[in-house]
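Visitor:
Chains as they are written, first to last, in the numbering used here: chain A, 3 to 216; chain B, 3 to 216.
#1: Return the CA-CA distance between residue 168/B and residue 122/B, expressed in angstroms with no decimal places.
#2: If you draw a straight line from the C-alpha of residue 65/B to the C-alpha of residue 120/A, how long is it?
#3: Taking Cβ positions, are residue 111/B and residue 126/B nearer each other than 7 Å?
#4: Using the DSSP secondary-structure output, state which residues sit across from residue 125/B in a beta bridge.
#5: Classify residue 129/B: buried if its beta carbon has 16 or more other beta carbons within 10 angstroms, exposed otherwise.
#6: So, is residue 108/B buried or exposed, given that buried needs 16 or more other C-beta atoms within 10 angstroms?
#7: Measuring only the C-alpha atoms, how far is residue 149/B from residue 22/B?
#8: Let me confirm a value: residue 40/A is counted as buried when at least 16 other C-beta atoms fall within 10 Å, else exposed. Which label applies?
#9: Mapping DSSP to helix, strand and coil, what is residue 88/A?
#10: Just confirm the distance between the C-beta atoms of residue 113/B and residue 90/B, as a whole number of angstroms; I'd bet it's less than 8 Å.
#11: For residue 118/A and residue 103/A, what's the separation of their Cα atoms in angstroms?
#12: If we define contact as Cβ-Cβ less than 7 Å, is residue 12/A a contact residue for chain B?
#13: In whole angstroms, what separates the C-alpha of residue 4/A from that of residue 202/B?
#14: Along chain B, in chain order, which residues have C-beta atoms closer than 7 Å to that of residue 143/A?
#15: Check whether the Cβ atoms of residue 84/A and residue 207/A sit closer than 7 Å, and answer yes or no.
#16: Going along chain A in order, which residues have a C-beta closer than 7 Å to the C-beta of residue 77/B?
#17: Flag this pair as yes or no: are the beta carbons of residue 124/B and residue 155/B separated by less than 7 Å?
#18: Under three-state DSSP, which class holds residue 141/B?
#19: Whole-angstrom Cβ separation of residue 79/A and residue 164/A, contact assumed at under 8 Å?
#20: CB residue 157/B to CB residue 180/B, shorter than 7 Å?
#21: On the three-state DSSP scale, how would you describe residue 194/B?
#22: Please list, in chain order, the residues of the region 169-195 of chain B that have any C-beta partner in chain A closer than 7 Å.
#23: With a CB to CB cut of under 6 Å and the five nearest residues on each side skipped, what residues in its chain are close to residue 197/A?
#24: Under 7 Å, Cβ to Cβ, is there at least one residue of chain A near residue 165/B?
#25: Starting from residue 53/A, trace the beta strand (DSSP E) both ways and give me its first and last residue.
#26: Against residue 101/A, what residues of chain B qualify as contacts under a CB-to-CB distance less than 7 Å, listed in chain order?
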């Protein structure tokens, strides 16, 4: 829709890209036309975002296009805008009770916390299933045996962009990220669990974008 | 970026919206300016997608804006562009072997097929975990006991838009949809499994869009 369709617009964009900042008068001289003849083409190029006008300096190239607009739109959305409520169990919970908590809350991942809401580990359905088919007594098994412990957990924050969090989900091959705040504890840094960011949140966001709601 | 910033552009858009199709000359007359004075504003409005020009008819209103462009961009992507390879087991597989197949292929959902690749059911990690913590003998249990059978399965097709498929994932609260082709079998219609569409595919697509790759 916002493609540059005319040859003159492409020529102008190329001149601004290679010679910017450059004035409208200088561009006109290069193309052997009047400044007035370029007025609407320059307006379109500025409006499309591909070039920008800086007063008393001239036109310069930004390289932005529709794709960039899409990227900018996406990068504006923060984790806090789409995150879910975290579901947590304490470190002394059994594997069985952790799985029951998963089912009761209909979530695929629970966060294991200690000292209030300080992140200690994470348990996914995959972790739970791996132990459950091993024929173990789940009621006797402490959650610490099957959880992924803190140093290995990938986290996000409410201020991080949804895009960056989604990238973490894909690159780390996990279904869920704890949304955390960094807190100071004696001699260390700890994470306080404040939310949950999953592929479901990203999929829902994608649907809302497709419906024009984001 | 493509916001209409000038009052005159807003006035023109309003005239086209209420009186379109309308010629540039008629718009100029309404605003008491020359046709030439409107040239760049009309060009910007057409370029932004908010109005369109139809030869020998005039300008008419589309109501499109950046948000619409985003929506259009999203609706162009098909399931076939982002789907994964399906992981299947046959109807005579045990629950235990089905779960092993899940782990070996690192997927959260397997499709149960009969007569080649005709869809009969679907098993998620959640289904498997529910049975596994019940203390049942998984090696003796047939997959038919824990699978969701065909009439209840939500499917998608390669030609469906990724947006519509994502909407199905959210509204049906499932992690995965079988991508199917419709085939005729004697006395009935059946689905042939040709792919797998998950929240991971949608999340990856979102990341690619954010990177300007889609």
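Where a beta carbon is used, it is the ideal one built from N, C-alpha and C, also for glycine.
Guide: According to the structure shown:
#1: 22 Å
#2: 49 Å
#3: yes
#4: 112/B
#5: buried
#6: exposed
#7: 57 Å
#8: buried
#9: coil
#10: 5 Å
#11: 18 Å
#12: no
#13: Any reading at residue 4/A must be qualified, since the residue scores a pLDDT of 44, below 50, and its modelled position is unreliable; the value itself is stated next. Computed Cα separation, rounded: 31 Å.
#14: By Cβ distance, chain B contributes nothing, its closest Cβ being about 11 Å from residue 143/A, past 7 Å.
#15: yes
#16: 212
#17: yes
#18: coil
#19: 4 Å
#20: yes
#21: strand
#22: 169, 171 and 172
#23: 85, 88 and 181
#24: yes
#25: 53-56
#26: 131 and 135
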